[in-house]
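Protein sequences, first through last, are from chains E and S. Each step along the first sequence adds one to the number in this note's numbering, with nothing skipped, and position 237 is 237. Each step along the second sequence adds one to the number in this note's numbering, with nothing skipped, and position 1 is 299. Notes follow the structure.
Protein chains: 2
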Amino acid sequence: MLLSKIGEFGLINRIKKAIKLDSSVIKGTGDDCAVLKYSRDKYQLFTCDMLVEGVDFRRGENPYFIGRKALAVSISDIAACAGLPSHCVVALGLPERATVEFVARLLKGMLDLAKKYKINLVGGDLSRADKVLIDVSMLGLVEKKNLVLRGGAKSGDIIFVSGELGGSIFGKHLRFTPRLKEARFLTGNFKVNAMIDISDGLAQDLWHILDESSVGAIIYEDLLPLSEKARNLDDALYRGEDFELLFTMPRTEAKKLLVRKMDIFKPVGEITHKKCGLKLIDRKGKEKALPARGFRHF
Amino acid sequence: MLLSKIGEFGLINRIKKAIKLDSSVIKGTGDDCAVLKYSRDKYQLFTCDMLVEGVDFRRGENPYFIGRKALAVSISDIAACAGLPSHCVVALGLPERATVEFVARLLKGMLDLAKKYKINLVGGDLSRADKVLIDVSMLGLVEKKNLVLRGGAKSGDIIFVSGELGGSIFGKHLRFTPRLKEARFLTGNFKVNAMIDISDGLAQDLWHILDESSVGAIIYEDLLPLSEKARNLDDALYRGEDFELLFTMPRTEAKKLLVRKMDIFKPVGEITHKKCGLKLIDRKGKEKALPARGFRHF
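Okay, structure coming up:
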């Protein structure tokens, strides 16, 4: 049976079922990061992201920004759990045609971002490959009281996104700034019930929160902050690579946040009961069910 | 300039020079694992290894053993630092032709080994790719007093290897048992000055110890435990994938180990001064300098 038959998430669900974990693991597969016991007041976060030439970036792209992105996507995962990144290792697959200059630029893109976020690049692995491959595994720490996962959304919560959505694949995906500062601000000052980074499109990533939290949601087309690069609503709902935060908080907390008038955080809808599924209210007030569709590898 | 001009290790040296680390890092790039501060009496180990179809395994190979190997090589790195593995994440690149059955077998190979060594598989990433790619990143813990790195060999030390060398590429590399138990036995009962796992051939990996320790070495052809699968001496010296331990200990400790008559640990030579380089004494008593040659990706 081909993978496309059960799809990427069908495969992930099968894998999750086969895995047994011990008590050192607070949260395993199925969130932005794994969460591990660490110290009295902190958890350790552990995540990995692989970039493949031709899928996540094009051949001929500026290698500085390929390297930068490879690190940024993992930082975005740590941010989505409200943590701070600390250490990473990098596995690099390189074709024989790769030049020393290419690798040097790639590395510079990584190290500049690592420096900015105080991340130690502590090891790696080099391999020959037909195409350029970069897999970054990253560790981070989060105060126990600050940890936010996908599974905490509650009916009545207000749903927010950071920044603007859609059109990232036309350039921003190689230069985006992970929302680390914003996630730390949010969890340091407010009660955030659930959070994820939008990597596969708003609809699909919101579905991850709904599934993990056993809730439903309504979002409003009017409220969606479309990027000027987005060609249409579908670019925001179903296309990947935005790397913005998607989070939910109780109504009272949402009011406190809205009072701060921080343009970056925009309310887009609210959490409802599970049986509602995910609904979009369009500009004419018409209701439309949104499928869990978005970027998928299989 | 093509990578082949400066080679795999030339590239690694350039990368090492460009990296800055903070005080949370005991040892960064350049050993079997990165070593990080963790608790009062333990360090955390962090390593990654990428397997690529056509380089580390052939297409058509039993996927159970591909998955098994992907985990085993990282366990071998943790063993070389005398630690115990604890958690891992797996990035998987899969071609569209891959079947659900293939992935299920691959995963079973991983999970069976993970269970055996009490390793939690806590996360991963899936991507489309032209060939099968598996990158495993692994965490482990080691008691501070047990940590062994490549850089501690001293002139006069006896050099040992575990098991037999050579010919692993004819099958063993897919089924080897990482020398975790052996490494823990050694460091729990003896003073081990330096250790590495032999992944790229005895000569090249011994050179890593010599470089990091600023010493030289003499090894004796007569003493090298050639596997029956090895076609000749070069298979043991310069071919990869043995995943045996290579370690050095002071003469007094070596005597204590030899008294135990454990067939698995065989003395193969001794550490000398740096200016001697690496020498092989052949069966006729003739001396021959061994270059730092072995398996290389570039």
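Don't be surprised by glycine CBs; every beta carbon is placed ideally from N, CA and C.
Assigned with DSSP and collapsed to three states, LYS325(S) falls in strand. The alpha carbon of ILE271(E) has as its nearest neighbour, out of ARG150(E), THR187(E) and ILE66(E), the alpha carbon of ARG150(E). Its chain contains CYS88 and ALA114 as the residues whose beta carbon lies nearer than 6 Å to that of LEU121(E), once the 5 sequence neighbours on both sides are disregarded; these appear in chain order.
By the neighbour-count criterion, in which 16 or more other beta carbons inside 10 Å mark a residue as buried, THR248(E) falls on the buried side. For TYR43(E), the enclosing beta strand (DSSP E) begins and ends at 42–52.
For LEU424(S), the closest alpha carbon among the candidates VAL388(S), ILE417(S) and PHE400(S) is that of VAL388(S). Between ALA104(E) and ARG366(S), the CB-CB gap reaches or exceeds 9 Å.
Of all alpha-carbon atoms in ILE432(S), HIS571(S) and ASP330(S), the one lying nearest the alpha-carbon of GLY514(S) is that of HIS571(S).
With 16 or more neighbouring CB atoms inside 10 Å of its own CB, LEU522(S) falls in the buried class.
Residue ranges of uninterrupted beta strand (DSSP E) with 3 or more members, entirely inside the region 121–166 of chain E and ordered along the chain, are 133–143 and 158–162.
Proximity of chain E to ARG426(S) at the Cβ level (cut-off 8 Å) is accounted for by VAL52, VAL55, HIS297 and PHE298, in chain order. For GLU462(S), the number of other beta carbons within 10 angstroms of its own is at least 16, and it is reported as buried.
Between SER137(E) and GLY352(S), the alpha-carbon positions lie close to 23 Å from each other. The C-beta distance from VAL52(E) to LEU133(E) rounds to 6 Å, short enough to fall under 8 Å. Our two residues, GLY277(E) and ALA289(E), have alpha carbons roughly 7 Å apart in a direct line.
Around the beta-carbon of GLY583(S), fewer than 16 other beta-carbon atoms lie within 10 Å, marking it exposed. With a threshold of 9 Å between beta carbons, VAL440(S) makes no contact with chain E. Within 10 angstroms of the beta-carbon of ASP222(E) lie fewer than 16 other beta-carbons, which makes it exposed.
Straight-line measurement puts the Cα of ASP532(S) at about 8 Å from the Cα of GLY464(S).
In the structure shown, THR177(E) adopts coil according to DSSP, grouped into three states.
Annotation: CYS81(E) has no Cβ neighbours in chain S at a cutoff of 8 Å; minimum Cβ distance is about 11 Å.
Residue burial is scored here from C-beta neighbours: VAL566(S) has at least 16 other C-beta atoms within 10 angstroms and is therefore classed as buried. Of the residues SER23(E), ASP31(E) and LYS154(E), the one whose Cα lies closest to the Cα of LYS16(E) is ASP31(E). By the rule that beta-carbons nearer than 9 Å mark a contact, ILE364(S) does not touch chain E. Sequence-distant partners of ARG549(S) (beyond 5 residues in either direction) whose C-beta falls short of 7 Å from its own C-beta, in its chain, are GLY454 and ILE456. When DSSP states are grouped into helix, strand and coil, ALA587(S) belongs to the strand group. With respect to ASP197(E), SER76(E) sits close: the two C-beta atoms are nearer than 9 Å.
Beta-bridge annotation (DSSP): ASP495(S) is paired with LEU543(S).
Excluding five sequence positions before and after LYS335(S), the CB atoms of its chain that fall closer than 6 Å to its own CB belong to SER322, given in chain order. Listed along chain E, the residues sitting closer than 8 Å to THR397(S) by beta-carbon distance are MET1, LEU2 and LEU3. Its chain contains VAL566, GLY567 and LEU578 as the residues whose beta carbon lies nearer than 6 Å to that of ILE517(S), once the 5 sequence neighbours on both sides are disregarded; these appear in chain order. Between PHE593(S) and GLY499(S), the C-beta gap is smaller than 9 Å, which places the two residues in contact. The C-beta distance from ALA82(E) to VAL148(E) rounds to 5 Å, short enough to meet the 8 Å contact threshold.
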